[in-house]
Amino acid sequence: MLRVRDLVGGYGDFIVLHNITIEVNPGQTVIVVGPNGAGKTTLLKHIAGLLKPKKGIIEFNGQRIDSCSPYKISELGIAFVPEGGRLFPYLSVYENLKVGSYPKHARRTFSEAVEEVFELFPVLKDRRNQLAGSLSGGERQMLAIARSLMAQPKLIMLDEPSLGLAPKIVARVFEFIKEIGTKGYSILMVEQNAKKALQLAEYAYLLESGEITFEGVRDEFLQNPYIKKAYLGI
Numbered sequence: 000m001l002r003v004r005d006l007v008g009g010y011g012d013f014i015v016l017h018n019i020t021i022e023v024n025p026g027q028t029v030i031v032v033g034p035n036g037a038g039k040t041t042l043l044k045h046i047a048g049l050l051k052p053k054k055g056i057i058e059f060n061g062q063r064i065d066s067c068s069p070y071k072i073s074e075l076g077i078a079f080v081p082e083g084g085r086l087f088p089y090l091s092v093y094e095n096l097k098v099g100s101y102p103k104h105a106r107r108t109f110s111e112a113v114e115e116v117f118e119l120f121p122v123l124k125d126r127r128n129q130l131a132g133s134l135s136g137g138e139r140q141m142l143a144i145a146r147s148l149m150a151q152p153k154l155i156m157l158d159e160p161s162l163g164l165a166p167k168i169v170a171r172v173f174e175f176i177k178e179i180g181t182k183g184y185s186i187l188m189v190e191q192n193a194k195k196a197l198q199l200a201e202y203a204y205l206l207e208s209g210e211i212t213f214e215g216v217r218d219e220f221l222q223n224p225y226i227k228k229a230y231l232g233i
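Residue numbering for the sequence shown follows numbering that gives the first Met the number 0, beginning at 0 and increasing consecutively.
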């Protein structure tokens with residue numbers, strides 16, 4: 000599905016990512032963990048088309064997308080939920096969901112899609128007419144994820160979904176992310192909260208100072224002595 004090969008990128012002449020190679024297979028949940036400033040968000044921005052790589056290849060379902068516009072990439076089936084969700088605070092929950100159905104194919108099936116989202120996120124159904132800005136932090140994060148589903152993507156990219164949330168709310172949000180994974184969506188999530196994120200991972204990468212320093216299935220991560228000490232507090 001998603002293949003990133005030897006990606007070099009950053010902001011202008013400032014290189015952040017050094018020869019990054021990752022992949023996400025259909026229906027797989029992949030986690031990228033690492034410290035603040037490691038380049039995790041920068042990686043997602045390159046995949047989403049918000050930044051263009053200096054070198055390397057990004058492919059999605061066999062098609063190169065590293066020179067595509069963000070709109071084209073979203074049309075192909077990649078949804079990006081940025082840090083903080085970037086909701087429209089003065090629009091209702093329902094209106095925010097409607098904004099998420101911007102791809103042509105999604106607009107045609109909006110009614111069915113919104114009911115599926117409300118089934119997955121019943122708290123949003125109860126607040127469908129409430130302004131997004133008045134929701135709690137956890138509810139806003141759920142709405143941001145739900146809005147991404149309205150585009151009917153094949154791959155959902157989540158940027159730090161636990162950031163700024165209380166531990167109990169983090170657990171709740173991660174349960175929803177886990178549920179989304181069971182629906183057949185592919186998920187690529189970047190997180191500083193390695194302990195929680197790895198509970199969801201089928202495969203994971205450790206990104207440090209712009210380089211992949213370790214990768215493996217969940218159990219390999221959880222058993223790695225360095226990761227246990229540096230990121231899991233064990």
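All C-beta atoms, glycine included, are put in the ideal place defined by N, C-alpha and C.
Candidates the options: closest to residue i by CA position
i, options, result
"residue 128", "77, 137, 155 and 96", "96"
"residue 158", "124, 10, 46 and 82", "82"
"residue 54", "121, 17, 111 and 92", "17"
"residue 161", "226, 137, 180 and 4", "137"
"residue 40", "188, 181 and 227", "188"
"residue 47", "63, 204 and 91", "63"
"residue 8", "0, 29 and 49", "49"
"residue 3", "15, 43 and 34", "43"
"residue 177", "119, 98 and 226", "119"
"residue 221", "15, 30 and 6", "30"
"residue 203", "11, 87, 226 and 109", "226"
Where the beta strand (DSSP E) containing residue i begins and where it ends
i, result
"residue 158", "154-158"
"residue 78", "77-80"
Beta-bridge pairing of residue i - partner residues as DSSP gives them
i, result
"residue 62", "59"
"residue 213", "205"
"residue 31", "189 and 204"
"residue 91", "130"
"residue 22", "2"
"residue 8", "16"
"residue 54", "7"
Contacting residues, own chain, Cβ-Cβ under 6 Å from residue i (five flanking each side not counted)
i, result
"residue 78", "147, 150, 152 and 155"
"residue 13", "none"
"residue 113", "96"
7 Å CB neighbourhood of residue i in its chain, flanking five on each side removed
i, result
"residue 193", "32, 230 and 231"
"residue 134", "126 and 142"
"residue 208", "37"
Alpha helix (DSSP H) segment containing residue i, residue limits
i, result
"residue 120", "Neither: residue 120 is in no alpha helix (DSSP H) and is coded neither H nor E."
"residue 167", "166-181"
"residue 146", "136-148"
"residue 43", "39-47"
Cut-off 8 Å between Cβ atoms - residues of its own chain near residue i, not counting five sequence neighbours on either side
i, result
"residue 116", "96, 123, 145, 148 and 149"
Across the region 20-28 and the region 72-81, are there enough close Cβ pairs to call them in contact, namely three or more that are closer than 8 Å? They do not touch, by the three-pair rule.
The region 194-207 / the region 164-181 touching (three or more Cβ pairs under 8 Å): Verdict: yes, contact present.
Determine contact between the region 45-60 and the region 201-217, defined as no fewer than three beta-carbon pairs at a distance below 8 Å. With a cut-off of 8 Å, the region 201-217 and the region 45-60 do not count as touching, because too few Cβ pairs lie within range.
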